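Mapping the sequence shown onto numbering that gives the first Met the number 0, position 173 (from 1) lands on 172, and the numbers just tick up by one. Have a look at the structure below, then the notes.
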Amino acid sequence: MAQQYPEWIWQNGVIKPWKEATAHVMSHALHYGSSVFEGIRSYATPEGAAIFRLTDHLKRLYHSAKIYDMVLPYTQDELATACREIIRKNGFSAAYLRPVAYRGLGGFGLSAETPIDVAVATWPMGPYLGPEALEVGITACVSSWQRFAPNTIPAGAKAGGNYLSGQLIAREARRLGFGEGIALAANGLLSEGAGENLFLVFDGVLHTTPASASILTGITRDTIKVLAREDGIDVVERDIPREFLYLADEILMCGTAAEITPIREVDGKQVGSGKAGRVTRRLQELYFGLFNGKTQDKWGWLEPV
Numbered sequence: 000m001a002q003q004y005p006e007w008i009w010q011n012g013v014i015k016p017w018k019e020a021t022a023h024v025m026s027h028a029l030h031y032g033s034s035v036f037e038g039i040r041s042y043a044t045p046e047g048a049a050i051f052r053l054t055d056h057l058k059r060l061y062h063s064a065k066i067y068d069m070v071l072p073y074t075q076d077e078l079a080t081a082c083r084e085i086i087r088k089n090g091f092s093a094a095y096l097r098p099v100a101y102r103g104l105g106g107f108g109l110s111a112e113t114p115i116d117v118a119v120a121t122w123p124m125g126p127y128l129g130p131e132a133l134e135v136g137i138t139a140c141v142s143s144w145q146r147f148a149p150n151t152i153p154a155g156a157k158a159g160g161n162y163l164s165g166q167l168i169a170r171e172a173r174r175l176g177f178g179e180g181i182a183l184a185a186n187g188l189l190s191e192g193a194g195e196n197l198f199l200v201f202d203g204v205l206h207t208t209p210a211s212a213s214i215l216t217g218i219t220r221d222t223i224k225v226l227a228r229e230d231g232i233d234v235v236e237r238d239i240p241r242e243f244l245y246l247a248d249e250i251l252m253c254g255t256a257a258e259i260t261p262i263r264e265v266d267g268k269q270v271g272s273g274k275a276g277r278v279t280r281r282l283q284e285l286y287f288g289l290f291n292g293k294t295q296d297k298w299g300w301l302e303p304v
């Protein structure tokens, strides 16, 4: 089935038809991966459409841009307004948002000064890893591709070029028949999924890899940590050896797109009972409860469209 695109997109301060949002083939970002972006979800809540942690996502966008010396020509408030406007213009409530800033057409060298172009797109998105993934879980494999070492590429920036690593990991996993890939860090310890953070459960305690494991410190990851601790579930950030994937009671992947997806099998070895476990199900209840009204939003994470 062909991809169905929305009607409207925001680009460089103007809402225009989707097909008119173009970039030159010699744009710096196309050749060198010099872009930063965010993935954000809007949910249909009992109080109307709301964007989840919009402020936190845009703050990270500006942090990513700062790392790469990209001065965005719009304020954070202006981009927040653009996000709301493009959702309303397309008539969406539940949707995925993609703000992206990139080096456009200018000089051709690596350090060339170019204009910084900015766009905000939105489209409907269901469960990222498949319609049954949230309930029955997915299979995963440890990839032959490792994450980049510290002080090579900054994993803490959500930059377009970083996702070449994720593409290798994800495509290898699909080619081998798995739902998703899991990467090790350069030191051989656990890092994260192709585009998701990881949590392992041992005896009711959540364990997750630290920022030093070449991960993007995800906003969904942070949400899970907050919700878990609020509910009395202990959370530990620690180095995790690969073999612990085979010994965990439960494993889950998380991210804006993946939300909270259980992993039922790693490298052909069953995880726990082979389905979403008690802690994973509870976290799903708390997380999705933010959007159906069953979990109180004490943190102001739901920002009305």
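Here a beta-carbon is modelled for each residue, glycine too, at the ideal position from N, C-alpha and C. In this text the structure is predicted, and so the values were computed from the model without any measurement.
Can you list, in chain order, the residues of its chain whose CB lies under 7 Å from that of residue i, leaving out five sequence neighbours each side?
i, result
"F91", "S41, T121 and P123"
"I262", "G136, I137, A139, I250, L251, M252 and V270"
"E171", "S142, S143, W144 and G180"
"G254", "G194, E195, N196, G217 and T219"
"R335", "Outside the displayed range of the chain (0 to 304) lies residue 335, so it cannot be described from this structure."
"L167", "W144"
CB-CB under 8 Å to residue i, same chain, minus the five flanking residues each way: which ones, in chain order?
i, result
"L331", "Limits of the chain in this structure are 0 at one end and 304 at the other, which puts residue 331 out of reach."
"Y73", "G12, A81 and V117"
Is residue i near residue j, with beta carbons less than 7 Å apart?
i, j, result
"W9", "A81", "yes"
"F290", "T44", "yes"
"Y101", "A28", "yes"
"L301", "A49", "yes"
"I14", "K65", "no"
"A247", "L199", "yes"
"D233", "L188", "no"
"R83", "V225", "no"
"P98", "V119", "yes"
"L53", "L78", "no"
"A169", "S213", "no"
"A93", "T260", "no"
"Y245", "K274", "no"
"E236", "P209", "yes"
"L282", "T294", "no"
So which of the options has the shortest CA-CA distance to residue i?
i, options, result
"V24", "S33, R52 and L104", "L104"
"G129", "G160, V278 and F177", "F177"
"V35", "L71, N186, R277 and S211", "L71"
"G288", "S272, G276, K268 and E258", "E258"
"E37", "L215, L197 and L163", "L215"
"R313", "R174, N186 and P126", "Residue numbering for the chain in the displayed model covers 0 to 304; residue 313 lies beyond these limits and cannot be assessed."
"D116", "F107, G12 and R52", "G12"
"E242", "D266, A227, G155 and D296", "D266"
"A182", "G203, P240, T151 and D230", "P240"
"V278", "D230, P16, S33 and L163", "D230"
"S63", "F51, L167, K293 and S33", "S33"
"L205", "D221, G192 and S211", "D221"
"D202", "G276, A111 and D55", "G276"
"R59", "G155, E134 and P126", "G155"
"D76", "D55, Y67 and M69", "D55"
Just to confirm my understanding: we take residue i, look at its own chain, exclude 5 residues before and 5 after, and list those with CB closer than 6 Å. What are they?
i, result
"L96", "I39, C82 and T121"
"I85", "W9, V119 and T121"
"T207", "F198 and E236"
With DSSP as the reference, identify every bridge partner of residue i, one or two as the case may be.
i, result
"E302", "I50"
"G159", "DSSP output for G159 lists no bridge partner at all."
"F36", "V99"
"C82", "Answer by DSSP bridge pairing: none, since C82 is not bridged."
Run through the segment 191-272 for me and flag every whole alpha helix (DSSP H) of 4 or more residues, listed as ranges in chain order. 218-229
Can you give, in chain order, each stretch of the alpha helix (DSSP H) that sits fully within the segment 117-141 and has at least 4 residues? 132-135
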